[in-house]
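Numbering (our numbering), first residue to last: 4 to 158. Note that CB positions come from ideal geometry on N, CA and C, so glycine has one too. Notes follow once the structure below has been shown.
Given below as structure tokens:
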């Protein structure tokens, strides 16, 4: 199932990834329901971003096992554990521009978007879809120097 083509530009295997722990990522398997969730992430969020910015996205985090999530110090409530979130980067495009476009143009399709900064430079964007059993009020955040703050929506 890992070789399942989810949408025009994304395959399921792209969501079994970890730069820090590639051996653990190789062991990740997917259920049919998990594949459907990643299809939704692609259809609702990632494909529109790719189309708008005309550039390939590199998935940096998708499904996480509890072991992988713990090793990378992920949140115990991470939607990555439920196959409802993905992190990505795009080379050569200012990530804040992409983040703001998602915020304004794809509102209603996401539960959470976060742009992560390290040393004043954007590293990647996290997107998560609405989830059964969770508060689905949209949350747009910026994480800098280990601190999450709300995004003001200016831009």
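Beta-carbon proximity of residue i to residue j, cut-off 9 Å
i: residue 41; j: residue 89; result: yes
i: residue 127; j: residue 92; result: yes
i: residue 14; j: residue 33; result: no
i: residue 98; j: residue 117; result: no
i: residue 71; j: residue 132; result: no
Three-state secondary structure assigned by DSSP to residue i
i: residue 135; result: coil
i: residue 87; result: coil
i: residue 59; result: coil
i: residue 40; result: helix
i: residue 152; result: strand
i: residue 129; result: strand
i: residue 158; result: Note that residue 158 has pLDDT 45, beneath the 50 cutoff, so the model's placement of it is unreliable and the number below is only indicative. Coil.
i: residue 145; result: strand
i: residue 48; result: helix
i: residue 105; result: helix
i: residue 82; result: helix
i: residue 30; result: coil
i: residue 23; result: coil
Residue closest to residue i, alpha-carbon to alpha-carbon, out of the options
i: residue 16; options: 8, 121 and 27; result: 8
i: residue 142; options: 130, 67 and 38; result: 130
i: residue 39; options: 80, 29 and 85; result: 85
i: residue 58; options: 21, 36, 96 and 121; result: 96
Alpha-carbon to alpha-carbon, residue j and residue i
i: residue 51; j: residue 31; result: 26 Å
i: residue 94; j: residue 54; result: 15 Å
i: residue 138; j: residue 107; result: 20 Å
i: residue 119; j: residue 23; result: 17 Å
i: residue 155; j: residue 18; result: 30 Å
i: residue 109; j: residue 152; result: 20 Å
i: residue 27; j: residue 80; result: 20 Å
i: residue 67; j: residue 10; result: 21 Å
i: residue 82; j: residue 135; result: 11 Å
i: residue 3; j: residue 29; result: Because the chain is modelled from 4 through 158, residue 3 falls outside the range shown and cannot be assessed.
i: residue 124; j: residue 69; result: 29 Å
Exercise for the section: Taking 8 Å as the threshold, find out whether the stretch 136 to 156 comes into contact with the stretch 61 to 75 through three or more Cβ pairs. Expected result: Under the Cβ criterion (8 Å, minimum of three pairs), the stretch 136 to 156 does not count as touching the stretch 61 to 75.
Handout entry: Any 3 or more C-beta pairs closer than 8 Å across the stretch 42 to 52 and the stretch 105 to 125
Key = Flag = yes, the stretch 42 to 52 and the stretch 105 to 125 touch.
Handout entry: Touching by the beta-carbon criterion (3+ pairs, under 8 Å), the stretch 68 to 76 and the stretch 98 to 105
Key = In short, these stretches do not touch, since the Cβ pair count stays below three.
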